[in-house]
Structure formats: C-alpha cells, structure tokens
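Protein sequences appear in the order of chains A and B.
Plus 16 on top of the position in the first sequence (first one is 1) and you've got this note's numbering.
Plus 16 on top of the position in the second sequence (first one is 1) and you've got this note's numbering.
Number of protein chains: 2
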Amino acid sequence: MKIELAKSYGFCYGVKRAIEIAEKNPKSATFGPLIHNKDEINRLKVNHNVGLVENIEDALTHDTIIIRTHGITKERLKTLKKEGKKVINATCPYVTTPQNIVENMSKKGYTIVIFGDKNHPEIQGVSSYATDPERTHIVLDANDLIGLPLGSKVAVVAQTTRKPEAYQKIVASLVVRAAELRVFNTICNATFENQDAAAELAQKADVMIIIGGKNSSNTKQLHSICKKYLDNCYHIENESEIDASWFKNKSLCGISAGASTPDWIIDNVIKRVKEVSK
Amino acid sequence: MKIELAKSYGFCYGVKRAIEIAEKNPKSATFGPLIHNKDEINRLKVNHNVGLVENIEDALTHDTIIIRTHGITKERLKTLKKEGKKVINATCPYVTTPQNIVENMSKKGYTIVIFGDKNHPEIQGVSSYATDPERTHIVLDANDLIGLPLGSKVAVVAQTTRKPEAYQKIVASLVVRAAELRVFNTICNATFENQDAAAELAQKADVMIIIGGKNSSNTKQLHSICKKYLDNCYHIENESEIDASWFKNKSLCGISAGASTPDWIIDNVIKRVKEVSK
Chain A
17 MKIELAKSYG FCYGVKRAIE IAEKNPKSAT FGPLIHNKDE INRLKVNHNV GLVENIEDAL
77 THDTIIIRTH GITKERLKTL KKEGKKVINA TCPYVTTPQN IVENMSKKGY TIVIFGDKNH
137 PEIQGVSSYA TDPERTHIVL DANDLIGLPL GSKVAVVAQT TRKPEAYQKI VASLVVRAAE
197 LRVFNTICNA TFENQDAAAE LAQKADVMII IGGKNSSNTK QLHSICKKYL DNCYHIENES
257 EIDASWFKNK SLCGISAGAS TPDWIIDNVI KRVKEVSK
Chain B
17 MKIELAKSYG FCYGVKRAIE IAEKNPKSAT FGPLIHNKDE INRLKVNHNV GLVENIEDAL
77 THDTIIIRTH GITKERLKTL KKEGKKVINA TCPYVTTPQN IVENMSKKGY TIVIFGDKNH
137 PEIQGVSSYA TDPERTHIVL DANDLIGLPL GSKVAVVAQT TRKPEAYQKI VASLVVRAAE
197 LRVFNTICNA TFENQDAAAE LAQKADVMII IGGKNSSNTK QLHSICKKYL DNCYHIENES
257 EIDASWFKNK SLCGISAGAS TPDWIIDNVI KRVKEVSK
C-alpha cells in the first residue's frame, strides 16, 4: 500500500508556532486551550508541564501565562501584566495584524467594521483594540450594516477564518457608503490550502483517510470535499478506528487531517495503515 | 397649464461653477469646450468674449486659459504655466479630488486602479497625476484586472460619472488581490439626481418635456426613464420644436433637462409652453 499525505494538512502555521512556544515554557499555563484537541492538551501537560487556565482568576495563580493563537482582549492583557505575570504572546501573527490595524485606524478616526463572529475569542480580542467602541461594528453579512451610522471614513478587517466571497459582498456594500474605505485582507489561506490539497489528493487516491475530532467542523468539511471524488473516504479520530478491509485491492491511500490534529496522531495512523495493509 | 420643473435638472454644480468663472473672465479661452452645447459656447463668446481652444498650440496664442470641469493633464498644466499663461482652474472639485488621491497614493507606493474610460479627458487628467505610470491601471470592468500585477497595496478611484454598481464589482474583485485596498468613492451623484427627479415628476405629470441635444446620451437617458411612466414625453433641443397639440386637455407639464442644457434655453421653453397652452 502506497501512502501519500496531502500537500497541506493539520496544524496551521500559527498553531504549530504556539505549540513550539508552549513546549519551551514548562511551568506555564495557556490562557484557554491552545487547540481543540484534548489529547494534545494532555500531552503538553504530561510531557512539558504546560497547564491550562480558563479565566483571569485562575490565570493569576500562575507566574507565566501563554496567550494562545486567538489572542486575548487588550484589557485582559493589561490585567495580567499589572499583576506582574510573565506573559508569553503566542497570538498568531495573522491575528496580531488585524489587532494592530483596528487600533491604528481607530486612532486615525476611521469607523471600524469587523467581519466575524462577535462571540469568537479572536474577534473579542481584535475588537478590543478599537479606541472608540461606539464606532466599531462587528457584522456577519452586509445586512448587518443596514442602518448603522458609518461616517465618511471606514476601515474594515475580517476574522482570519472567514470565506473571501462573503468578505467581498460586505466590502461591495460599503463602497457606496463611505467616501474613503480601507479594506485589509486579513483572511488566512491555511483552511483553504488544506481543502485544496485534500481535493487534489482525493482525485488520485483509491482510499482517503481524514483525521480529526468527530465534532471538528473543518475536519468534516475536508471529509465532505473528498467524498465528492471517491466513496472510500473515512473520517477517523485516531488509529484505533482503522479497518483492514478498507485497503483490500487498493494501491494508494491518501491522508489528510483537520486543523486541530497533531502530527503524532497522524504518525500513529500512518504506522497502523502500513501494518494492516501489508 | 401648470408647469413644474424637476427637483434636479440641467447643469451639475461643477458646470454651473465653471460657467460663472468663465463669465467673470473676458478675453480668456477655455481649453476644450466647457459643455457639449454649441449655443452656450456661442453665448460665452458673444456676451462675455470667452474663446475656445482645442490644443496646446492654440492655447499659447491666448494670455488667459480656463481649465474646464474635466481638468487637464499635469503635463499640459505645467506647459501652460511654463509659457507664462494665466491659468484659471475651473476643474470640478469632484475631479480635483481623484487627481489629488492618485498623486498622494502613488507617492505612498500604492498601485493605482482607475475605473473609467482611458480616452475620456477626465481620466486622462486624473491618471496623469500618478507618479508611476507602470503601476497605474485604467479599467472598465473586473475582467480588465485579470493578469495585471497589482502588488500588495492598491488604491482605487472612479470616474465621476460611472455607475456605483459597476464600481462595487471592481472593488469586490480587488479585495482578494491586495493585502490593503484603499477605495475612494469619487462617483458624483449629479447624473443620478437628475434621473431620480425626472422619474418622480413623470409619475404625476400629464406631459413631460426633456430638453437637451439629440445626441446627448444623458438627455436620451432621461427621456427613456420618463417614457416608462407616461407616453406623452418629448425630447426637444429648444422651444422651436414645441407643438400646441401636446397640451390639449392636459393640466400638468413636467420639465427636465440634460446636463449640458443651459438655464436660458429652459427659460425659453417654459415661456413657449405658457404661450401655446393658454
């Protein structure tokens, strides 16, 4: 059985970087889970003594706090520093960018429009950098902009994981509402790169394995994309679910993984596929 | 016969302003016709001794040159000044704005995209303010952008008379091509205001008269908009075409005029309608 990994899969650049930072800082705690994968959180605890706190009160019981890729609000960061904590910032650089843009544009008097989910930690962090909350609007589509007082100068950023097509619609609706509109393309391609690479591989593979949490929406998305190209497509969480029958009379097994799947789980899957397909 | 003028008609702000400037400057010449109306050009010549030149060579035979609403290229302006001419700038302020934007953004390293017709004098003027012609692109739709090297920072302006919907499409296509996009809404509403006002009046009038050159596209547009609401709708160039039969058993005559129609022609039409409809 030949095994081939998709050209892009699993952790994005920001998550890889955050985990490397965590591994180098034992006795610290991350503010919120670094990724949506309990096995990986557990590995960081057991192998590297990196804990996890979920709120400011718990954070204050640790000396060193790691900020995860989503970032945190400006106020929380201030509190941590005021309390004398050592803060290690693992905010994804692709998230630091919109934080800085929102702060700068807000200071320059632009009304801020943020395309994203107001309940998502990334957006709570990004929007906290606006200097004038009353002139900062978080929207999910162009309809949310109807009736909002925008003024003549508007700056717009997007949550890193949003779809470009939806961003284009929001921007188009803003063109006729502002004398000057500054559009920052803060959407990250990582999600789409994994999807494109999985689709490419599915077109030549005889069987595809997609690894990731059963509740992970980006993993489910990868699975449904591959399903378009071949029936023999399996969504698993780890190697224990692998069935030898999947590889009967097949020659190429393609593998991809969701954005929260660590490499060591992928390695275990590869090892197991090799064993059962001998 | 009751006569009612549309709430907005005829000359736009920029043209009215340019004509007032011309009337105050006898012995001058305009660089290109101030408006597309021979009667008005002739009136300026006869009543105010304002001439007309069509090229740099002819311009150099006059002491005072009036720049029309469209503006002129930076190079021509420089030549006129170098030759010691007194230059009176009647460029429409709505055109000066994109000229300044293109110059500033170009100096700041932005690639310039101009939505407009490269053969139109306004766009020739606006684009001449770019400091790097190789990084300045004039496009009529999003397809014209395909394959163009744009770089990460793009600034975009529009010809004042373009349709907002078409501008939105161009901007939408640029959102995903640049890290930072600066969109300046330089479209002027004057054309649309005349159209909206004519449509409103046509809905209550019994007969509509639209005054303007038979070849004037914006006058023809006004006429076709009014035709949607009533059949008794006439496109005339001046009062000589008015027929008394149009007003038989009618009570309200609505009047609008194209963007190149001077008020004195409109006044003559009103006078004639009153006479024949007594």
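Where a beta carbon is used, it is the ideal one built from N, C-alpha and C, also for glycine.
Just so we're clear, the structure is a prediction, and the values are computed from it rather than from any experiment.
Which residue from the options puts its Cα closest to that of residue i?
i, options, result
"A38/B", "E56/B, V118/B, I139/B, C204/B", "E56/B"
"R198/B", "S240/B, L166/B, F208/B", "L166/B"
"A260/B", "V285/B, Q175/B, C204/B", "V285/B"
"S276/B", "Y245/B, S144/B, H52/B", "H52/B"
"N234/B", "K185/B, T207/B, E181/B", "T207/B"
"R151/B", "E138/B, V172/B, G132/B", "V172/B"
"N71/B", "I82/B, D157/B, S143/B", "I82/B"
"D116/B", "K61/B, S44/B, F131/B, K90/B", "It is worth fixing the name first, because residue 116/B is Asn in this sequence and not Asp. With distances taken between Cα atoms, N116/B lies closest to K90/B."
"A221/B", "V191/B, S240/B, G270/B, T177/B", "G270/B"
"V103/A", "A45/A, G30/A, H251/A, D74/A", "A45/A"
"V170/B", "R33/B, N159/B, A194/B", "A194/B"
"R84/B", "G100/B, T95/B, G48/B, T127/B", "G48/B"
"T202/A", "Q184/A, L238/A, Y110/A, A146/A", "Y110/A"
"S272/B", "K236/B, V292/B, I130/B, D247/B", "K236/B"
"G26/A", "S232/A, K264/A, P42/A", "S232/A"
"I281/A", "G229/A, N120/A, I186/A", "G229/A"
"S24/A", "N135/A, N210/A, V192/A", "N210/A"
"I139/A", "D148/A, S240/A, L268/A, H153/A", "H153/A"
"A334/A", "S168/A, D279/A, N105/A", "What the structure shows of chain A is the stretch from 17 to 294, and residue 334/A is not part of that stretch, so it cannot be assessed."
"I226/B", "C242/B, N265/B, A146/B", "C242/B"
"G30/B", "A188/B, N205/B, D212/B, H239/B", "N205/B"
"K97/B", "T80/B, A182/B, L156/B, Q175/B", "T80/B"
"L268/A", "K290/A, P137/A, N254/A, A75/A", "K290/A"
"E181/B", "F131/B, N135/B, A215/B", "F131/B"
"Y145/A", "I258/A, M121/A, L217/A", "M121/A"
Identify the continuous beta strand (DSSP E) that holds residue i and give its terminal residues.
i, result
"H239/B", "Here H239/B belongs to no beta strand (DSSP E); instead the alpha helix (DSSP H) covers 233-243."
"I19/B", "18-21"
"G229/A", "Looking at the DSSP string, G229/A is not in any beta strand (DSSP E), and its letter there is neither H nor E."
"H251/A", "249-252"
"A146/B", "Here A146/B belongs to no beta strand (DSSP E), and DSSP marks it neither H nor E."
"A45/B", "45-47"
Can you tell me which of the three DSSP states residue i falls into?
i, result
"Y29/A", "helix"
"I35/A", "helix"
"I57/B", "helix"
"S267/A", "coil"
"L273/A", "Note that residue 273/A is Ala in the sequence shown, not Leu. Strand."
"A221/A", "coil"
Quick one: give me the first and last residue of the alpha helix (DSSP H) that residue i is part of.
i, result
"I286/A", "279-292"
Would you say the beta carbon of residue i comes nearer than 7 Å to a heavy atom of the ligand FAD?
i, result
"D55/B", "This structure lacks the ligand FAD; in fact it carries no ligand of any kind."
Extract the residue ranges of the alpha helix (DSSP H) inside the stretch 60-142 of chain A, only unbroken runs of 4 or more that lie entirely within it. 72-75, 90-98, 109-123
Exercise. Could you tell me which uninterrupted alpha helix (DSSP H) segments, each at least 4 residues in length, are contained entirely in the stretch 156-213 of chain B, listed from first to last along the chain?
Key: 180-191
- Relative to chain A, which residues along the stretch 192-216 of chain B have a C-beta separation below 7 Å, given in chain order? V192, A194, A195, E196, L197, R198, V199, F200, N201
Got a sec: which bits of the stretch 112-123 of chain A sit with their beta carbon under 7 Å from any beta carbon on chain B, in order along the chain? none
Practice task
Report the residues of the stretch 21-53 of chain A with a CB closer than 8 Å to any CB of chain B, ordered along the chain.
Solution key: none
> What residues from the stretch 176-188 of chain A come within 8 Å of chain B, judged by C-beta to C-beta, listed N to C?
Replying inline: P180, Y183, Q184, K185, V187, A188
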